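First residue of the sequence shown: 412, per my numbering; consecutive thereafter.
Every residue gets a Cβ at the ideal spot worked out from N, C-alpha and C, and that includes glycine.
Since this is a predicted model, take the numbers as computed values, not measurements.
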Amino acid sequence: MGDLVASFVLPHGSKGAARSAGRYVSASSKAVVRGQWLVTGRQLLSESDAVLRQVSVRSKTLPPSGNSARLRAKLNRARRATNPITLLSTIEVVLAEVASMDLLWNSEVAGELEARRQARLEESRASAALRVDASRYVRLAMTVNLLDRASISGALRPFPAAEQSVLGALDALARGGPDAERQAVTSCRSAIENVCIQRGGVGDWKAGLKALMPSESDQRAVQAVVNFLGAKLHGGHVPTRSEAEQGLKLSVAILARLVGEELVGHPPATSSSAWPGGT
Numbered sequence: 412m413g414d415l416v417a418s419f420v421l422p423h424g425s426k427g428a429a430r431s432a433g434r435y436v437s438a439s440s441k442a443v444v445r446g447q448w449l450v451t452g453r454q455l456l457s458e459s460d461a462v463l464r465q466v467s468v469r470s471k472t473l474p475p476s477g478n479s480a481r482l483r484a485k486l487n488r489a490r491r492a493t494n495p496i497t498l499l500s501t502i503e504v505v506l507a508e509v510a511s512m513d514l515l516w517n518s519e520v521a522g523e524l525e526a527r528r529q530a531r532l533e534e535s536r537a538s539a540a541l542r543v544d545a546s547r548y549v550r551l552a553m554t555v556n557l558l559d560r561a562s563i564s565g566a567l568r569p570f571p572a573a574e575q576s577v578l579g580a581l582d583a584l585a586r587g588g589p590d591a592e593r594q595a596v597t598s599c600r601s602a603i604e605n606v607c608i609q610r611g612g613v614g615d616w617k618a619g620l621k622a623l624m625p626s627e628s629d630q631r632a633v634q635a636v637v638n639f640l641g642a643k644l645h646g647g648h649v650p651t652r653s654e655a656e657q658g659l660k661l662s663v664a665i666l667a668r669l670v671g672e673e674l675v676g677h678p679p680a681t682s683s684s685a686w687p688g689g690t
């Protein structure tokens, strides 16, 4: 969206106009030249303001009417400028800053807010289902030691895709960064689905889960954890550190059960006691 806005507010080769004006005005003392560049700057200012009236920043506190005023206020210094070089350079700086933001058209604000409302409802339902259907795993997750990387990796070694996903989640939280928590939660969900697919012998994780766990209550418990993880990724929600850690511990508890149980009639391939907080 930032590039789109930049393309609207920097028409006709106006990008870099401040530098051009600086070279030209400094080389000439004619007032007419200065006036011409001032007219150019004010035209660009008007065009920029017209576009910023139509967009908003996708912030946590996005109001129904949008927050275009927040963006337009960045042009206040340019509005006060009487020097064409200052005017053009200020506009260029503001546009570069705006282009780097997470923007949306004001016509999309209502849809964005409705999507957030639905995401909050989904998260609430997922949390309630987690408490009801997966209470055992919620309790077990409290005993999981995420620092015991060797045990976690060893138990998942027969399932390389899941192992890499979980280790990737651990690494993301250890490394930090603006997207670390989302990456960790995404990796956790992927690990559970991968194990269900691999051990169930089918291409769909839900079908694989049914093959692994004939009991509907057991299936609901796993699905409750997967839905809980999914709810942390929808509607623009950014998972917190505590949410990511909770999701990782829940995933470890679920994976312990999935890799510690064989299909009916087969002995366990891996003892769940190898896991931190194992069953």
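Out of curiosity, what's the CA-to-CA distance linking residue i and residue j?
i	j	result
ASP582	GLU656	12 Å
ASN494	GLU519	37 Å
GLU353	ASP460	This structure cannot speak to residue 353, because the chain is shown only from 412 to 690.
LYS485	ARG464	12 Å
CYS607	LYS617	7 Å
SER598	GLY658	10 Å
GLY619	VAL613	6 Å
LEU499	LYS660	53 Å
GLU523	ALA480	18 Å
GLN447	ASN478	33 Å
ARG568	GLU574	6 Å
ARG491	LEU515	28 Å
LEU558	ASN517	45 Å
ILE654	MET624	Contrary to the premise, residue 654 reads as Glu rather than Ile in this sequence. About 27 Å.
LEU666	LEU584	19 Å
ARG528	ARG593	19 Å
GLN454	VAL466	19 Å
LYS643	PRO589	15 Å
THR651	VAL596	10 Å
ARG531	ASP544	20 Å
GLU525	LEU449	44 Å
ALA366	ALA591	Lying outside 412 to 690, the shown extent of the chain, residue 366 is not represented and no answer is given.
Identify, in the order they occur along the chain, each residue of the same chain with its Cβ nearer than 7 Å to the Cβ of residue i, setting aside the five sequence neighbours on each side.
i	result
LEU415	Its pLDDT being 44, under 50, LEU415 is placed unreliably by the model, and nothing is read from it.
TYR548	ALA632, VAL636, LEU661, ALA664 and ILE665
SER470	ASN478
SER476	none
HIS645	ALA530 and GLU533
When DSSP labels each residue in this structure, what does residue i get in the three-state scheme?
i	result
ARG511	Per the sequence shown, residue 511 should be read as Ser rather than Arg. If DSSP states are grouped into helix, strand and coil, SER511 belongs with coil.
VAL613	coil
VAL670	helix
Between which two residues does the alpha helix (DSSP H) holding residue i run?
i	result
SER576	571-586
SER564	560-566
GLU523	520-544
ASN691	The first residue shown for the chain is 412 and the last is 690, placing residue 691 beyond what the model contains.
ASP629	627-642
ASN487	487-491
Within the continuous beta strand (DSSP E) that includes residue i, where are the two ends?
i	result
SER467	466-468
Residues in its own chain within less than 6 Å of residue i by CB, not counting five upstream and five downstream?
i	result
ARG488	THR501
VAL541	Checking the displayed sequence, the identity of residue 541 turns out to be Leu instead of Val. For LEU541, where only same-chain residues beyond five positions count, the Cβ hits under 6 Å are ALA635 and PHE639.
PRO571	none
SER576	SER598, SER601 and ALA602
ARG610	LEU623
ALA537	ASN638, PHE639 and ALA642
LEU692	Any question about residue 692 goes unanswered here, given that the chain covers just 412 to 690.
Suppose the cutoff is 8 Å on Cβ atoms and the five residues either side in sequence are ignored; what does the same chain contact list for residue i look like?
i	result
LEU578	ARG560, ILE563 and SER564
GLY587	none
LEU410	This structure leaves residue 410 out entirely; the chain is present only between 412 and 690.
Can you find a C-beta in chain C that's less than 8 Å from the C-beta of residue i?
i	result
VAL505	Of the chains in the structure shown, none is chain C; there is only one protein chain.
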